[in-house]
Amino acid sequence: MRRIDAILIALGVFFMGGLIYFIFQSIGLDATKAGIWSQVLLVLGLIGWVLTYLFRVFTNNMTYHKQVKDYDDAFFAKQLEKMSPEEIAKLMENSESENSGV
28 MRRIDAILIA LGVFFMGGLI YFIFQSIGLD ATKAGIWSQV LLVLGLIGWV
78 LTYLFRVFTN NMTYHKQVKD YDDAFFAKQL EKMSPEEIAK LMENSESENS
128 GV
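Numbering-wise (the numbering used here), the sequence shown opens with residue 28 and increments by one.
And the structure:
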């Protein structure tokens, strides 16, 4: 994420809070209650965002993990393309013997 993206997100959250405040005032809440409820909604939104972030962290579903996995897959595919059929057969035999020994 670039710095400008973070600034735009922060400004968006700020303006959404103000918009929610004015919506609550327009439906009849006084200024104090409208302020409290707009803050409640913003805090709940923040907690929800943090929970989705933590979920992605603990399930290794982050962008970095995906990039590393894609790189590893591409690297091993390229290495496999370079190997002769005999080398692939030998590799498969070694893999099967290791799996049966475990």
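Yeah, the Cβ is synthetic: ideal placement off N, Cα and C, and Gly gets one too.
(request) Measure the C-alpha to C-alpha separation of T59 and Y91 and round it to an integer number of angstroms. (result) The count along the sequence shown starts at 1 and reaches residue 59 at position 32. The count along the sequence shown starts at 1 and reaches residue 91 at position 64. Taking the straight line from one Cα to the other gives about 43 Å.
(message) With three or more beta-carbon pairs closer than 8 Å as the criterion, would you say the segment 82-90 touches the segment 99-106?
(response) no
(request) Give the straight-line distance between the Cα atoms of I34 and L118, rounded to the nearest whole angstrom. (result) For the purposes of this step, residue 34 is taken as the residue at position 7 of the sequence shown. For the purposes of this step, residue 118 is taken as the residue at position 91 of the sequence shown. Distance between the alpha carbons of I34 and L118 is about 51 Å.
(request) Could you have a look at M110 and say whether DSSP puts it in helix, strand or coil? (result) Locating residue 110 in the sequence shown gives position 83, where the first residue counts as 1. In this structure, M110 counts as coil in the three-state DSSP scheme.
(message) Could you give the first and the last residue of the continuous alpha helix (DSSP H) run that contains R30?
(response) Here residue 30 corresponds to residue number 3 of the sequence shown, with the count starting at 1. Run containing R30: R30 to S53, per the alpha helix (DSSP H) assignment.
(request) Find out if the Cβ-Cβ distance for the pair L69, I54 is shorter than 9 Å. (result) Translated into positions along the sequence shown, residue 69 becomes position 42. Translated into positions along the sequence shown, residue 54 becomes position 27. No. Outside cutoff.
(message) Do A61 and F42 count as a contact pair if the criterion is CB distance below 9 Å?
(response) Within the sequence shown, numbered from 1, the residue matching residue 42 stands at position 15. Within the sequence shown, numbered from 1, the residue matching residue 61 stands at position 34. It is not a contact, given that the beta carbons lie outside the stated cut-off.
(request) Report yes if the CB atom of L73 is closer than 9 Å to the CB atom of W64, and no otherwise. (result) Here residue 73 corresponds to residue number 46 of the sequence shown, with the count starting at 1. Here residue 64 corresponds to residue number 37 of the sequence shown, with the count starting at 1. No Cβ-Cβ contact shorter than 9 Å links L73 with W64.
(message) Quick check: the Cα distance between R30 and Q52, rounded to an integer number of angstroms?
(response) For this step, residue 30 is matched to residue 3 along the sequence shown. For this step, residue 52 is matched to residue 25 along the sequence shown. A straight-line Cα-Cα distance of about 33 Å links R30 and Q52.
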